[in-house]
Every structure is written in C-alpha cells, then in structure tokens.
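Position one of the sequence shown corresponds to residue 8 (this note's numbering), numbered consecutively onward. Ideal Cβ placement from N, Cα and C applies to all residues, glycine included. Here's the structure, in structure tokens; my notes come after.
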Amino acid sequence: MNDSPARKILALSGGVGGAKLALGLSSVLPPDALDVVVNTADDFTHLGLHISPDIDTLLYTLSGQNNQELGWGLAGESWQAMDALENLGGETWFRLGDRDLATHLWRSQALAGGLGLAQVTNELATRMGLSTAVHPMTEDSVRTAVHSDEGELPFQEYFVRRQCQPCVSGFEFKGIEAAKPNPAVMRLLRSEQVAGVVICPSNPFVSVDPILRIEGMYHALLAVDAPIIAVSPIVAGMAIKGPAAKMMAELGMPVTALAVAEHYAEQYPGLLNTFVIDQSDATLASDIRSIGIDVAITPTIMKTLQDKQQLARFTLGMMEFQA
Ligand code: FO1
C-alpha cells in the first residue's frame, strides 16, 4: 500500500489565459490534484466592495460559469443594478453584473466579518463545487500601479477606465514588500507533494511577476524538487488576450516568446526548466535554449476545451505525473 500523500500540480495564474490552462489541467487531472495560486495585485475596492478579478475569473472558469464573450464575469449576466446606478449618477465604468455582484457582496461581507481572503476564496470555491484549490497569492493588500505617460494609474483605472491606452513605462506593486505569502501555498511547496509547477500563459509583468515577487515565493519554488514549466503568453508576436504585447513594445522589448523567456531568466535565475512555445514560434527555440532554458513546442492557442486539455496533457507529460 502506498501511504505517501497524493502528488499535486501547482499552477501560477492571472486571469483569462491562465484560467484556460487551469481548466485544461483540472479536467485531465484527478480531483484534488490541482492547486492554483492566483494574482491578487489587480484587486481593488470599488463601490465599497472588495473585487478580486483574477480569483473570480478562475472560480467562474473552473466551475463553467464564465462569460466567454466578455472574458470576465458570469455567463448569462444581466445589468439592472448598473443601469439603476447609472440613473443615480453613480460610477459605472467598472461594470458589475447582477449575478457577479452577489460574489462581491458575499466576499466583502465575509472579509468585513473577519475572514481572510484565502478562507473566503476557499469557501467560494467549495460553494461553486470546485475540487481544484484556488489560493490568493497573499491575504495582504498588494496593488499594481501602472507608470505611464499619463502618470501613475491604479491598475483598474489603466486597464478598464483607460482601456490600456496610456503608454506604460513600468509597474509597481504597492505593499508587496510587507505582504506575506499564502501559508497554504508555502506549506504545499515544502511538502514534497508537488510533482510539477506550471506558470500559465498569463501576463508576465502584471500577473506572474506579482506572484513571484511575494516574499519567499521564488526561493520556495527554486527549492521544489520538480520541473517548473512556463507557457508563453506571446504567440507569433501577439498576445492571445490582453495588453501584454502592447506593454512589451512600450517597455522597449521585442514582442516575442524569446523576450518573455529572457524576462523570466533575468528576473528569476534558474527558475524555469522548460518554456513551452507555440509551433508558430519554433524558430525561437535555439535562442531560448542558449539562455539555459529547455524548450518544448506544441500548439498553445486554447479555443476549445480539447485545445486546453491538449496543452494540459502536453505540459503534464513533461512532469512524469503519476495520477
Ligand atoms: N474588465 C473590463 O474590461 N471592463 C469591466 O467593466 C470589467 C468589470 C469587471 C468586474 C468584475 C471582475 O471580476 C472583472 C471585471 N473586468 C472588467 C475584468 C478585469 O478587471 C480585468 O480583466 C483583470 O483585472 C485583468 O486580469
């Protein structure tokens, strides 16, 4: 009989792109074999409510409730609360659907009642029927500030209100020095249960960097005796979703999967074992290998569930995961 604890995969994720691969992973892994640590630097307080956009994208996607057209929020949404708020002259630039509003009300009340963000997220995941563990990277406040040609902008002001139009020159994660990592994630990393780590194809600068910069996270990952595999969010010079490509151009970087691999290699030396790139970027493989990171090539664009599962199986195949 094998008494050793079940092996697990840990994924690091931002919103939409990360959630797609997390869904692929959760649908091919046994129940309880996937843990996802999620960026919370996009969180903010709006209309008095605590909004956790990336956590909610994960919860809604993994529970099959996500709004695929919008890329955020819930499917089949209605907007009566926003319409009523508009009639009152309230702020409606950040749109909270009627059903989505229930999540923010529930979370905000639970936080006000003294629960931490990790426990609140855990409760929401359970109530949505998930067997995947969804962990906020920290329970402390970390807030991305975007440095731009319009000055410093809070992340959602840049992303939603200004539609990513300002030209960016850098990012600051306010509160990150004081933020403590989520203890459940650190326990898992030290447990010898981790069979592999997947850095999902999320925005490297505003989704993955905040997670990796939380105190102790990079070193705990380095100490894990399992492969760490990142999937490129840049394919053929474009971001599949979101402003990553625009940001790279504005930061003076080439918009390539190679530049993403270089970013990870420079900021987090020795972290990545393998970088997964799309088949359309196969010519970049030798340059990526020359910076000391192994390369794996496969279709990475995830439109259907089959695409997500294919990429998940391909990634797990490099981890000798024993289900
Ligand atoms: N993104 C938008 O572009 N417009 C919105 O009005 C909007 C509302 C919104 C409400 C709840 C939520 O959880 C996410 C929401 N998002 C919206 C998405 C979001 O803020 C960004 O996609 C992420 O922060 C980037 O990962």
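Contact check, residue i vs residue j, beta carbons under 9 Å
i                 : j              : result
isoleucine 235    : leucine 291    : no
alanine 264       : alanine 233    : no
threonine 281     : isoleucine 298 : no
phenylalanine 162 : aspartate 49   : yes
leucine 92        : tryptophan 113 : no
isoleucine 218    : valine 45      : yes
leucine 54        : alanine 26     : no
serine 33         : serine 138     : yes
valine 43         : alanine 140    : yes
proline 143       : isoleucine 241 : no
aspartate 107     : glutamine 87   : no
leucine 19        : serine 209     : yes
alanine 40        : isoleucine 16  : yes
valine 262        : glycine 244    : yes
glutamate 146     : leucine 160    : no
arginine 102      : glycine 80     : yes
asparagine 94     : glycine 83     : no
Residue i Cβ short of 8 Å to the ligand FO1 heavy atom set
i                 : result
threonine 64      : yes
valine 149        : no
aspartate 61      : yes
serine 85         : no
phenylalanine 166 : yes
isoleucine 58     : yes
aspartate 216     : no
valine 127        : no
glycine 223       : no
leucine 195       : no
leucine 160       : no
leucine 77        : yes
valine 23         : yes
tryptophan 100    : yes
aspartate 90      : no
glycine 80        : yes
leucine 103       : yes
glutamine 163     : yes
glycine 249       : yes
aspartate 42      : no
Whole-angstrom C-beta distance between residue j and residue i, which should lie under 8 Å
i                 : j            : result
leucine 69        : leucine 30   : 6 Å
proline 211       : alanine 251  : 7 Å
proline 190       : glycine 223  : Wrong, their Cβ atoms sit about 11 Å apart, outside the cutoff.
methionine 309    : leucine 318  : 6 Å
aspartate 285     : serine 239   : 7 Å
isoleucine 247    : glycine 24   : 6 Å
threonine 307     : valine 283   : 6 Å
phenylalanine 180 : valine 215   : Contact flag wrong, Cβ pair sits at about 12 Å.
serine 155        : valine 175   : 5 Å
alanine 237       : tyrosine 271 : 6 Å
glutamine 200     : arginine 14  : 6 Å
glycine 158       : leucine 229  : 36 Å between Cβ atoms; not a contact.
Coil, strand or helix - residue i by DSSP
i                 : result
isoleucine 298    : coil
alanine 140       : strand
proline 217       : helix
methionine 8      : Bear in mind that the predicted position of methionine 8 carries a pLDDT of just 47, short of 50, making it unreliable; the figure below should be weighed with that in mind. Coil at methionine 8, not helix or strand.
alanine 185       : coil
lysine 15         : strand
alanine 246       : strand
valine 262        : coil
phenylalanine 166 : helix
threonine 145     : strand
valine 201        : strand
threonine 311     : coil
threonine 133     : helix
alanine 230       : coil
tryptophan 113    : helix
methionine 193    : helix
methionine 326    : coil
phenylalanine 212 : helix
glutamate 93      : helix
arginine 102      : coil
Identity of the residues DSSP links to residue i by a beta bridge
i                : result
proline 161      : Ala152
alanine 237      : Ile206, Phe282
asparagine 73    : Leu81
phenylalanine 51 : Ile58
glutamate 179    : Ala152
aspartate 42     : Leu17, Ala140
threonine 305    : Asp285
Residue i at chain C interface by Cβ criterion, 9 Å
i                 : result
phenylalanine 180 : Chain labels in this structure do not include chain C; a single protein chain is all it has.
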